[in-house]
Amino acid sequence: MTRRLLLSYLTLATLVLLCLEIPLGFRFSAGERERVADAARDEAESVAAYTALSLATGRAGGDLPKRAAHCAERVGGKVVIVDGSGALLAASHPVSRRAARALPARPGIAAALQGSAAMDVRTATVGGVEQLSVAAPVKGARGAVWLTVPTRTVQERIGRVWLLLGVGGLGVLATVAVLGFALARWAGRPIRELERATHALADGGLAAPVPVTKGPPEVRRLAAAFNRTAARLAHLLASQHSFAGEASHQLKTPLAALRLRLENLEPDVCGQGRGSLAAAVTETDRLARMVEGLLAMARLEEDAATPGPVDVGAVCAERHRTWLPLFEREGVALVLFAGSVGPVLAVPGAVEQILDNLLSNALRASPADSTVTIELRLHVPAKRALRDSRPCWVDLHVTDEGPGMTAEQRERAFDRFWRAPGAPKGGTGLGLSLVQRLSVASGGAASLHTAATGGLDAVVRLPSAEPPAGGHPVGRPGARREAPALPA
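Residues 1 to 488 in UniProt numbering are what the sequence shown lists, from first letter to last.
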């Protein structure tokens, strides 16, 4: 922000200086040239009048050279006086015979000798030097005065003025830079404090109150609003933390007691009511699972757990042994393909919860005599495979042979409480949502695809915990990687 403010101040000051100094410089240049031309015309006219008087009184021989030299010294140029036939009468400097013979051919002198009453002013090159040339006729067409002034002197004065304007402009810009930097730092300091506090709040910490007495009024009001927002958010987070801690006890206990009372009623219920009792027990179990899912999501949103290395192969083997009896009881085969894929990065307990939810959904959707497959695959990006054979990602597949889902249903499957039409009873609509949140929290992604057997292929992509060659170690700054797109 300081750099942008300083740049805006300097840009504005530069535009103002350019709008002031460029017209001023051009105006001075034009005025200086006009001043020199006027001075040359005045001197030429004065010498022409003096020449006419000298010729009339017959004193041209002795006074004219002195007058010409004096005039030339005053204007810093040269003066030549010729008579009506073009012959040299006087000069402020030595003139060769060849140059004297060429004088009548000069355009200004020729016009004056022909009786022109106006002075001829032009810029000409004499002896390789650019000069201002003024030719004035002597009264009565009795001769002409030719005055030349080098333009180099004028150009040097104009150059010095432009240099002075440039140095002055740089001085003004330097002053604006110093004052602008101080002003930008003063205005940007509370913004930087707000930024640090916002980052601390976004990282899950408690932001210290930002001072509300620094900076412009708008920034002070923003700091006050931020302090109120941070305090309100801290209160809400504390309330959520309290709810997540207390609800796990306050909700589990009554549900467990309700289920126990329903089971105790079984001996006293007649045959016609046993179906309703079984349905009540099933709904109680479903409510308990829903509460567990909601609490798991609340804890996941509340705790910013840091992903760590997890032996995904061992976890898959352990969950396979745990779920295998349940699958066998339902007549569904559970097969595990878990090769050596190495550890993955995941938040604590995430892989176990992901597998439990995916296997629970697969068991409910699978018909008897079908197969559910757990498979781990290495995913190496094509560009990376050219220079490093170690994996970047590990894909966890849970594939069933159930009815599957349409493309529209697969897009909505990760929404909370959403269940596909015709889905088996007992689901809560929270399992896939929890799978997605756990995957994202671990730095990966989750998606659903149509399996080759016609069922559903749930894919969870997790980052590999093996450090890349020449890269950063796992879990340290710089090891964060963005999950690539999952296969369609």
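Glycine included, C-beta positions come from ideal geometry on N, C-alpha and C.
Cβ-based burial, residue i [other Cβ within 10 Å; buried from 16]
i, result
"C19", "exposed"
"R97", "exposed"
"A385", "Note that A385 scores 45 on pLDDT, short of 50, meaning its location in the model is unreliable and no value can be drawn from it."
"N357", "buried"
"C270", "exposed"
"L260", "exposed"
"A208", "exposed"
"F327", "buried"
"I22", "exposed"
"R461", "buried"
"V394", "buried"
"T11", "exposed"
"P325", "exposed"
"A44", "buried"
"V16", "exposed"
"R319", "buried"
"V219", "buried"
Simplified DSSP assignment, three categories, for residue i
i, result
"L396", "strand"
"W162", "helix"
"T450", "strand"
"R419", "coil"
"E401", "coil"
"R142", "coil"
"V380", "coil"
"P23", "helix"
"V149", "strand"
"V372", "strand"
"A90", "strand"
"V16", "helix"
"Y9", "helix"
"A485", "Note that A485 scores 49 on pLDDT, short of 50, meaning its location in the model is unreliable and no value can be drawn from it."
Range covered by the beta strand (DSSP E) that runs through residue i
i, result
"S133", "129-137"
"E266", "Looking at the DSSP string, E266 is not in any beta strand (DSSP E), and its letter there is neither H nor E."
"P309", "308-310"
"D457", "456-463"
"E466", "No beta strand (DSSP E) holds E466; DSSP gives it neither H nor E."
Option in the options with minimal Cα separation from residue i
i, options, result
"P343", "V315, A99, A231", "V315"
"Y9", "K139, L183, R377, E130", "L183"
"M405", "A458, M119, A44", "A458"
"R196", "D268, L179, A223", "A223"
"V129", "P150, E34, L12, L251", "P150"
"Q353", "A91, L438, A362, T373", "L438"
"T148", "G115, V79, R319, L89", "V79"
"P217", "W186, H235, A238", "W186"
"L339", "R321, D311, L345", "According to the sequence displayed, residue 339 carries Gly and not Leu. Looking at the Cα atoms, D311 is the closest of the given residues."
"A110", "V145, S92, P94", "V145"
"A68", "T51, E408, T57", "T51"
"R329", "P367, D285, E318", "P367"
"A40", "R74, A13, G171", "R74"
"A365", "L376, W393, V398, S92", "V398"
"P254", "E266, L287, L430", "L287"
"S92", "L434, A100, L103, P65", "P65"
"A333", "A362, E318, S116", "A362"
Endpoints, the alpha helix (DSSP H) within which residue i is located
i, result
"A118", "Neither: A118 is in no alpha helix (DSSP H) and is coded neither H nor E."
"A407", "407-412"
"G431", "431-441"
"A105", "Looking at the DSSP string, A105 is not in any alpha helix (DSSP H), and its letter there is neither H nor E."
C-beta neighbour in chain B for residue i, strict 9 Å
i, result
"S433", "This model lacks chain B altogether, as it is built from one protein chain only."
Check: residue i C-beta below 8 Å from any heavy atom of the ligand PLP
i, result
"D38", "As for the ligand PLP, it is missing from this structure, which has no ligand bound."
**OP:** Output the residue ranges of the beta strand (DSSP E) runs that lie fully inside the segment 316-361 and measure 3 residues or longer, sorted by chain position.
**Re:** 333-337, 344-346
Original post:
Mind pulling the beta strand (DSSP E) runs of 3 or more residues that sit fully within the segment 55-81?
Top reply: none
**OP:** Would you list, in sequence order, the uninterrupted alpha helix (DSSP H) runs of no fewer than 4 residues that lie entirely inside the UniProt domain "HAMP" (185-238)?
**Re:** none
Subject >> Continuous beta strand (DSSP E) assignments of at least 3 residues falling wholly in the segment 26-50 >> reply: none
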